[in-house]
Amino acid sequence: MRPTHIEIDLSAIRHNLDEVRQAVGPERKILAPVKANAYGHGMLPVARAALEAGASMLGVAYLDEGIALRQAGIAAPVLIFGSELPEGAPEIVRWGLTATLCTYELARALSEAAMRLRRNAVVHIKVDTGMGRIGLKVEEIRSFLQRISELPGVVVEGIYTHFATADGTGDGEFVLAQMEHFRRVVGQLRREGLNLPVAHAANSAAVLRYPSAHLDMVRPGIMIYG
Numbered sequence: 303m304r305p306t307h308i309e310i311d312l313s314a315i316r317h318n319l320d321e322v323r324q325a326v327g328p329e330r331k332i333l334a335p336v337k338a339n340a341y342g343h344g345m346l347p348v349a350r351a352a353l354e355a356g357a358s359m360l361g362v363a364y365l366d367e368g369i370a371l372r373q374a375g376i377a378a379p380v381l382i383f384g385s386e387l388p389e390g391a392p393e394i395v396r397w398g399l400t401a402t403l404c405t406y407e408l409a410r411a412l413s414e415a416a417m418r419l420r421r422n423a424v425v426h427i428k429v430d431t432g433m434g435r436i437g438l439k440v441e442e443i444r445s446f447l448q449r450i451s452e453l454p455g456v457v458v459e460g461i462y463t464h465f466a467t468a469d470g471t472g473d474g475e476f477v478l479a480q481m482e483h484f485r486r487v488v489g490q491l492r493r494e495g496l497n498l499p500v501a502h503a504a505n506s507a508a509v510l511r512y513p514s515a516h517l518d519m520v521r522p523g524i525m526i527y528g
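Sequential numbering of the sequence shown, starting at 303, is according to this note's numbering.
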């Protein structure tokens, strides 16, 4: 046994989420990221504290983290931020997790699993507006959504992007450019009649610095933890 330990004040976690709520208003949803063992703070107790404080969704990096939440009895919606391989589709559907979707191969695997298990596969589409990590390019979104609309059992609940430099010290020009790209594509898709209930983009820095990025839901990560 190691001689060192750390004590986490869960009331501070709840307080920080109260501050997020004050910043974004009552109408927006809050997704609480608890990936990487809640940034080392303990995934299960932090997840429960976040939900008690009003978070409506949790976020994890990988499938196994989402399964651990379900096995602990946490029934709230859980978004997997990572782009899972198609082989993980049956477990995503079986455990009622929400997948980040940016490949047709995963969409097809989720549809097959949904039909086999007789339950929907819920997804959020990831758009790469400049982070350069994972996600579809803006110009690919419409055709991608049209393709997956033909797959039974796949329900597109949301669409999101991630800011590359929201916590930087500059004037925010790149963040605002990303935001403009994202708002434009979401607005156009909605005007065309596509059902996209939840659009989200704001990380911790954007919650504090860019109110126009709050949209339907925010994803405060590090600011929850102090």
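Backbone N, C-alpha and C fix where the C-beta goes; we use that ideal spot for every residue, glycine too. Computed from a predicted structure; not experimentally measured.
E386 to R410, Cα distance in whole Å?
13 Å
Are the CB atoms of P522 and I332 within a distance shorter than 9 Å?
yes
Distance between R485 and G432 (C-alpha atoms, nearest Å):
14 Å
So, using beta-carbon positions, are G390 and R421 closer together than 9 Å?
no
Validate contact between the region 361-371 and the region 335-348 using beta carbons, cut 8 Å, 3 pairs
yes
Give the straight-line distance between the Cα atoms of E442 and I450, rounded to the nearest whole angstrom.
12 Å
Would you call the region 451-467 and the region 485-503 in contact, with 3 or more CB pairs under 8 Å?
yes
Counting only runs that start and end within the region 374-401, where is the beta strand (DSSP E) found for 3 or more residues in a row?
380-382
Does the separation of the CB atoms of L419 and P392 fall below 9 Å?
yes
Check the C-beta distance from A416 over to G455 and give it rounded, since I have them as a contact under 8 Å.
3 Å
What distance in whole Å lies between the Cβ atoms of L319 and G356, which are believed to be in contact at a cut-off of 8 Å?
6 Å
Hey, which unbroken runs of the alpha helix (DSSP H) at 4 residues or more fall wholly within the region 389-463?
391-396, 406-419, 443-450
At which residues does the beta strand (DSSP E) containing I526 begin and terminate?
Note, I526: premise wrong, no beta strand (DSSP E); not H, not E.
Inspect the beta-carbon positions of S506 and M525 and report whether they are closer than 9 Å.
yes
For P513, does the three-state DSSP call read helix, strand or coil?
helix
DSSP three-state call for I310: helix, strand or coil?
coil
Note down, in chain order, each residue of its chain lying with its Cβ closer than 8 Å to the Cβ of Y406, except the 5 sequence neighbours on either side.
F446, R449, I450
Quick one: what does DSSP say L333 is sitting in, helix, strand or coil?
strand
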